[in-house]
Each structure stands twice: as C-alpha cells, then as structure tokens.
Amino acid sequence: MNDITIALSKGRIFEDTAPLLKAAGITALDDPESSRKLILSTNRANVRLIIVRASDVPTYVQYGAADLGIAGKDVLQEHGGAGLYQPLDLNIACCRMMVAVPEGFDYDSAVRQGARLRIATKYVQTAREHFADKGVHVDLIKLYGSMELAPLVGLADAIVDLVSSGNTLRANHLKAVEEIMPISARLVINQAALKLKRDTIQPVLDAFSAAIKK
Ligand code: PRT
Ligand code: MG
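Take this note's numbering: the last position of the sequence shown gets the number 214, and nothing is skipped along the way.
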C-alpha cells in the first residue's frame, strides 16, 4: 500500500471533513483543535494528515507535499488550480462570496453612474474578474482578514468577503448587495500522485463520493 498525505485546515474544514474521512475508514489519532501537532497519524498506518492554513492547502498539494487536500472554492479560485485535479465538490463548509457595502450606501446607483469603487478583500483575483466582467472600475486593496472593518474606517467603499449567516455583516452595519459565487469545499488531488498511487487514492475518492450530502 502506498503512503498518502492529506492536507487539511483546522476549524470548519476539519470538522466537516471528519465524517467523510470516517466513511473512508480514516480517523485522526489526535484532535487538531487541542493538539499542537502539525502531522497527525491516523488509524491507518499508511495515511497521515497535515494541518496547514486554509489558503496553503492547494500549494502543498500542487507541489506533492500532500497527495490530497480539502480546500474552499474561494481558496482554489485565488490559487488558480495549477497541478491540481479537482474531482469532487464535497458540499461542506458552504457559504457565498458576496459584495457588501455600508447600510447607507447605494451600490446600484454608484455602479450605474460608473463610479470608481475601492474594494477591500482577501480575494483579489476573484474580485478583479468579477468587476471586470461587470465593467465596473475598481481599485483593489488586499487585506488578510477582518475585511468588514475597511468600509467603517474609510479604507474602502465595499468589500468582497464570504457570508454564511450574515451576522458579521449585520453586526458591522453592512449589507450584501451582490453574490459573486456560491462556495463549498472541494477535494483536490496532486495529478502525479493520482497516477502513481491510484490503488490507495481511488478508494478514498469513492468513499468520499458516496458519503457526500446532496
Ligand atoms: O483563518 P485563516 O486565516 O487561517 O484562514 P480562513 O479564514 O480562510 O480559514 P477558515 O478555516 O476560517 O475557513 C476555511 C474555509 O471555510 C474558507 O476557505 C471557506 O471556503 C469556508 N467558509 C465557509 C468560510 C465561511 N463559511 C465563513 N463564514 N470561511 C470564512 N467565513 C467567515 C467570513 O470570512 C466572515 O468573516 O465568517 C464570517 C462571516 O460569517 P457569518 O456567519 O457571520 O456570515
Ligand atoms: Mg478564518
């Protein structure tokens, strides 16, 4: 049996992936939330998990440091997907990528008038494509988190961020004005690993596929 490494981030991705791993007969021997280990052994001697930042998952898989990974579509769009095979939408960690503005801001009329908008976001590539498709001129300001703050302190007119319950927007007097795309997490596989380790990887892929909630 080939040894395989699966890259995951802790938090919601790990929580939502644990049942899928279980369906594939894989259980982590440590809990990443309480353990400080970055390499987790599993009940299967030939399968290990590595815990990385959500946005680093595609990079580990692209370079073959992990054979498989689980990453949000938001992260994959920004990465570009080079060297990655993306066979499965796992339908977990679902949310929506949205444009949001302060409650009092009339986004539609700003767009109609051809205003140039300052947009703060972690998702610069996705935002650039979205506004280019709409023909809206934007200045993109790259942030690494807490995008909701930017319009409140005059850094930006609008943000592009992920929204699930909408509570974070509401708490900061922002409103969602446009959906860019629905987001869910995907299984990604290193293309070379899939060929070389198909005997080990294919059963994991099949078990995940059968366990996905429609
Ligand atoms: O935290 P870190 O900087 O390491 O990375 P990360 O924030 O990208 O990772 P993590 O673990 O927070 O998210 C991993 C993945 O979960 C993301 O890449 C998404 O694909 C997915 N996901 C699903 C979400 C959300 N839902 C979500 N609501 N990721 C982030 N959020 C944030 C959002 O950015 C906003 O700040 O939650 C806030 C909004 O939530 P509501 O419920 O208030 O609307
Ligand atoms: Mg986070």
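For glycine and all other residues, C-beta sits at the position ideal for the given N, C-alpha and C. These numbers come from a predicted model, not from an experiment.
Spatial distance of residue 148 from residue 68 (CA atoms):
The residue given as residue 148 occupies position 148 in the sequence shown. The residue given as residue 68 occupies position 68 in the sequence shown. Distance between the alpha carbons of residue 148 and residue 68 is about 32 Å.
Over the uninterrupted alpha helix (DSSP H) stretch that includes residue 171, give me the two end residues.
What you label residue 171 is simply residue 171 of the sequence shown in a count that begins at 1. Taken as a continuous stretch (DSSP letters only), the alpha helix (DSSP H) holding residue 171 covers 167-171.
If contact is defined by three or more beta carbon pairs under 8 Å, each pair taking one atom from either stretch, is the region 57-64 in contact with the region 1-13?
yes
Report yes if the CB atom of residue 96 is closer than 8 Å to the CB atom of residue 178, and no otherwise.
The sequence position of residue 96 within the sequence shown is 96, counting from 1. The sequence position of residue 178 within the sequence shown is 178, counting from 1. Going by C-beta atoms, residue 96 is not nearer than 8 Å to residue 178.
For residue 85, report the span of its beta strand (DSSP E) as first-last.
Within the sequence shown, residue 85 is the residue found at index 85, counting from 1. Here the beta strand (DSSP E) through residue 85 covers 84-89.
Residues near residue 274 in its chain [Cβ-Cβ closer than 8 Å; skip 5 each side]
Look at the range of the chain in this structure, 1 to 214, and you will see that residue 274 is not part of it.
Is it right to say residue 120 is buried, meaning 16 or more other beta carbons lie within 10 angstroms of its own, or is it exposed?
The residue labelled residue 120 in the question sits at position 120 within the sequence shown. Answer is buried; the Cβ neighbour count reaches 16.
Measuring straight from C-alpha to C-alpha, what distance separates residue 64 and residue 79?
Along the sequence shown, read from residue 1 onward, the residue named residue 64 stands at position 64. Along the sequence shown, read from residue 1 onward, the residue named residue 79 stands at position 79. Each residue's alpha carbon lies about 15 Å from the other.
Proximity winner among 175, 163, 172 and 174, relative to residue 181 (alpha-carbon distances)
Reading the sequence shown from its first residue, position 181 is the one you call residue 181. Answer by Cα proximity: 163.
Fully enclosed by the region 59-147, which alpha helix (DSSP H) runs are 4 residues long or longer?
73-79, 107-112 and 124-134
Pocket of the ligand PRT (residues with CB nearer than 6 Å to any heavy atom), chain order:
9, 11, 12, 13, 53, 54, 55, 72, 74, 75, 93, 95, 145, 161, 162, 163, 164, 165, 166, 167, 168, 183 and 185
With a cut-off of 8 Å, does the C-beta of residue 203 fall near any C-beta of chain C?
In the displayed structure, chain C is absent; only one protein chain is listed.
Out of 87, 152 and 117, point me to the one whose CA is closest to residue 208's CA.
The sequence position of residue 208 within the sequence shown is 208, counting from 1. When only C-alpha atoms are compared, the closest one is 87.
Considering Cα atoms alone, identify which of 157, 152 and 34 is closest to residue 226.
As displayed, the chain neither begins before 1 nor continues past 214, which places residue 226 out of reach and without an answer.
Pair within 8 Å by beta-carbon distance, residue 16 and residue 92:
As a working mapping, residue 16 is identified with position 16 in the sequence shown. As a working mapping, residue 92 is identified with position 92 in the sequence shown. Contact flag set, yes.
If residue 101 and residue 158 are in contact, beta carbons under 8 Å, what's the gap, nearest whole angstrom?
Working through the sequence shown from its first residue, we reach residue 101 at position 101. Working through the sequence shown from its first residue, we reach residue 158 at position 158. 5 Å between Cβ atoms; contact.
Contact check, residue 143 vs residue 122, beta carbons under 8 Å
To locate residue 143, count along the sequence shown from 1; it is residue 143. To locate residue 122, count along the sequence shown from 1; it is residue 122. Yes, Cβ-Cβ distance for residue 143 and residue 122 is below 8 Å.
Short check: CB of residue 26 to CB of residue 39, under 8 Å?
For the purposes of this step, residue 26 is taken as the residue at position 26 of the sequence shown. For the purposes of this step, residue 39 is taken as the residue at position 39 of the sequence shown. The answer is no: Cβ separation not under 8 Å.
How many whole angstroms separate the CB atoms of residue 225 and residue 106, which I take to be in contact at a CB cut-off of 8 Å?
What the structure shows of the chain is the stretch from 1 to 214, and residue 225 is not part of that stretch, so it cannot be assessed.
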